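Here's the structure, in structure tokens; my notes come after.
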Amino acid sequence: MAWAIRDFSQLFIYSKKLEEYSTFSRFFFALTLIVGSTLIKLYAEETTSILGFSYITVMALLITSRFKGLKSTVGGMVLLGFFTGIALFSYFISGLLGWSRLDPISTLSGTIYVLALFTSFSCLLQLISIREWRRVMSVIGLKTASLIMSLALLQTPLTIMYTSEAFTTIKLKYGSKKLYKVVIPLILLSFYTARGFAEAYVLYGFETSNGFTRRGSKDVALYVASLIVLTGTFLLILTG
Numbered sequence: 157m158a159w160a161i162r163d164f165s166q167l168f169i170y171s172k173k174l175e176e177y178s179t180f181s182r183f184f185f186a187l188t189l190i191v192g193s194t195l196i197k198l199y200a201e202e203t204t205s206i207l208g209f210s211y212i213t214v215m216a217l218l219i220t221s222r223f224k225g226l227k228s229t230v231g232g233m234v235l236l237g238f239f240t241g242i243a244l245f246s247y248f249i250s251g252l253l254g255w256s257r258l259d260p261i262s263t264l265s266g267t268i269y270v271l272a273l274f275t276s277f278s279c280l281l282q283l284i285s286i287r288e289w290r291r292v293m294s295v296i297g298l299k300t301a302s303l304i305m306s307l308a309l310l311q312t313p314l315t316i317m318y319t320s321e322a323f324t325t326i327k328l329k330y331g332s333k334k335l336y337k338v339v340i341p342l343i344l345l346s347f348y349t350a351r352g353f354a355e356a357y358v359l360y361g362f363e364t365s366n367g368f369t370r371r372g373s374k375d376v377a378l379y380v381a382s383l384i385v386l387t388g389t390f391l392l393i394l395t396g
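Take 157 as the starting number for the sequence shown in the numbering used here and just add one per residue.
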């Protein structure tokens with residue numbers, strides 16, 4: 157479990173390879189994934205929607221793996237897949253015991269929809285840097301909100317990684333009986349990190365000079381991927 161948590165934190169670390177693509181093309185691709193998931197939810201049949209949501213998820217993982225590496229991307233999704241599997245298993249068991257009247261197809265479709273939607277929205281954080289988000293929000297008059305968002309996003313991967321370290325430490329010391337004790341070191345580590353970010357901001361501030369780029373040397377690849385996503389989405393809706 158600890159390694160799964162650690163790999164999940166890697167998903168939200170910005171890759172320098174993204175600078176070969178413009179901010180606009182990266183945002184457009186992430187938005188295409190979200191739109192595709194929504195269209196499939198609204199217009200596709202339940203059986204077809206399972207295939208559609210899986211298609212959206214796979215396309216998102218294929219593109220993000222170009223920047224983070226296939227092993228890191230798949231490893232980062234293990235934790236999400238684990239909890240999704242637990243939720244799906246619980247639904248099926250409750251149905252067998254008569255506690256729930258949900259149709260198995262509807263349950264599977266809804267579960268994969270959540271997975272596809274999370275993967276799509278996470279691309280907004282994986283593909284667009286904190287500096288770019290901060291610049292855009294500052295331009296539209298949300299400077300204070302952009303600073304809060306920056307501090308929160310900077311803290312997110314570290315907090316997840318600290319969860320992994322705290323989980324490992326508590327398990328080695330107490331075994332599997334007192335895993336709730338992971339909360340104490342996690343709170344302390346998060347507090348120290350947050351204080352360090354706050355001190356850095358007071359001393360140096362945040363740079364907002366680098367803006368929202370509109371052209372990149374490899375934008376065509378992302379636009380083609382976006383076109384593939386939309387084409388596949390409409391084909392599934394029309395044939396389903």
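Virtual Cβ for every residue (Gly too), placed ideally from N, Cα, C. This structure is a prediction, so every number in the text was calculated from the model and none was measured.
Once you ignore the five residues that flank VAL295 on each side, which residues in its own chain have a CB closer than 7 Å to its CB?
-> none
Which of helix, strand or coil does DSSP assign to GLU321?
-> helix
The alpha helix (DSSP H) spanning GLU288 covers which residue range?
-> 286–295
CA-CA distance, TYR379 and LEU273?
-> 20 Å
Neighbour-count burial assignment, TYR170, 16 or more Cβ in a 10 Å radius | buried
Would you say LYS329 reaches chain B, if we count a Cβ-Cβ gap shorter than 7 Å as a contact?
-> In the structure shown, chain B does not exist; there is a single protein chain.
Can you give the Cα-Cα distance for ARG371 and VAL338, rounded to whole angstroms?
-> 45 Å
May I ask you to verify whether the region 191–210 touches the region 175–183, counting CB pairs closer than 8 Å and requiring at least 3?
-> no
Grab me the residues of LEU280's own chain with a C-beta within less than 6 Å of its C-beta, minus the 5 sequence neighbours each way, in chain order.
-> ALA186
Grouping DSSP H, G and I as helix and E and B as strand, with all else coil, what is LEU307?
-> helix
Could you have a look at ARG222 and say whether DSSP puts it in helix, strand or coil?
-> helix
Locate the alpha helix (DSSP H) running through ASP375, then write down its first and last residues.
-> 375–395
Closest to LYS173 by CA distance: which of LEU252, ILE316, LEU283 and ILE384 is it?
-> LEU283
Distance between beta carbons of SER210 and ILE261, contact taken as under 8 Å | 14 Å between Cβ atoms; not a contact.
Are the beta-carbon atoms belonging to THR319 and LEU271 less than 7 Å from one another?
-> no
Is the beta carbon of ILE206 sitting closer than 7 Å to the one on LEU244?
-> no
So, using beta-carbon positions, are THR203 and LEU392 closer together than 7 Å?
-> no
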